[in-house]
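Residue 1055 in the working numbering sits at position 20 of the sequence shown, with consecutive numbering throughout. Remarks on the structure that follows.
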Amino acid sequence: MRHIVTLKNNREFGKVYNQKESFANKYLVMYLRANNLDYSRIGISVSKKVGNSVVRHRLTRLIRETYRLNQYRIKPGYDLVVVARMNAKGKSFHEIDSAFLYLAKKHEILMQDTVPEVME
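Encoded structure:
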C-alpha cells in the first residue's frame, strides 16, 4: 500500500492557492499546482463554517479515503488542495467520491485506463 503524502504547512497550501488554477462543483473546490516530484500530494481544508469538529473530521476522512482509493488514477507530480463546501455537509461517500473524480477529470489529471497495484 502506498503512503498518502500530504501538504503540511501554510506555505505549501499558499503556493497551491496562488497558482489560481481551480475548478469547483457544489460540494468541493480543487486547486492544482505542478510540484516537479515523482508523486502527488494532497491537502484538505474544511472551514469551521461547514460545521462542528465531528462534521469537519468526517468530511476530511471522506475526502482522504476518496483520494486513497483513486490515488493510482491520478497523474503523479501535482499538489492538490481540496476544500469542502457547506453543501458537502451530510453527504454520502459516493457523492463526495463522484464530486472529487469530476474535479480531477476537469483538471485533466485523471488517468483513464489504469489498474491498481495488487497487494500480495
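From the three backbone atoms N, C-alpha and C, an ideal C-beta is built for every residue, glycine too. No experiment lies behind these values; they were computed from the predicted model shown.
Checklist entry - To the nearest angstrom, how far is it from the Cα of ARG1103 to the Cα of LYS1084? => result Indexing the sequence shown from 1 puts residue 1103 at position 68. Indexing the sequence shown from 1 puts residue 1084 at position 49. Taking the straight line joining both Cα atoms gives about 26 Å.
Checklist entry - Does DSSP put MET1154 in a helix, in a strand, or in coil? => result Position 119 of the sequence shown, counting from 1, holds the residue named residue 1154. The predicted position of MET1154 is uncertain, since its pLDDT is 48 and thus under 50; a value taken from the coordinates is nonetheless stated next. Looking at MET1154 - three-state DSSP - the assignment turns out to be coil, as it is neither helix nor strand.
Checklist entry - Hey, quick one: how far does the beta strand (DSSP E) through TYR1113 stretch, first residue to last? => result One-based indexing of the sequence shown puts residue 1113 at position 78. That run of the beta strand (DSSP E) goes 1113-1119.
Next on the checklist: Am I right that LEU1042 and ALA1119 are in contact with their C-beta atoms under 8 Å? What's the rounded C-beta distance?
Outcome noted: Within the sequence shown, the letter at position 7 stands for residue 1042. Within the sequence shown, the letter at position 84 stands for residue 1119. Their Cβ separation, rounded to whole angstroms, is 15 Å, which puts LEU1042 and ALA1119 out of contact at 8 Å.
Checklist entry - For GLU1155, which residues from the same chain have a beta carbon less than 7 Å from its beta carbon, with the 5 sequence-adjacent residues on both sides left out? => result Residue mapping note: residue 1155 aligns to position 120 of the sequence shown, counting from 1. At GLU1155, the pLDDT of 49 sits below 50, so the modelled position is not reliable and the matter cannot be decided from this model.
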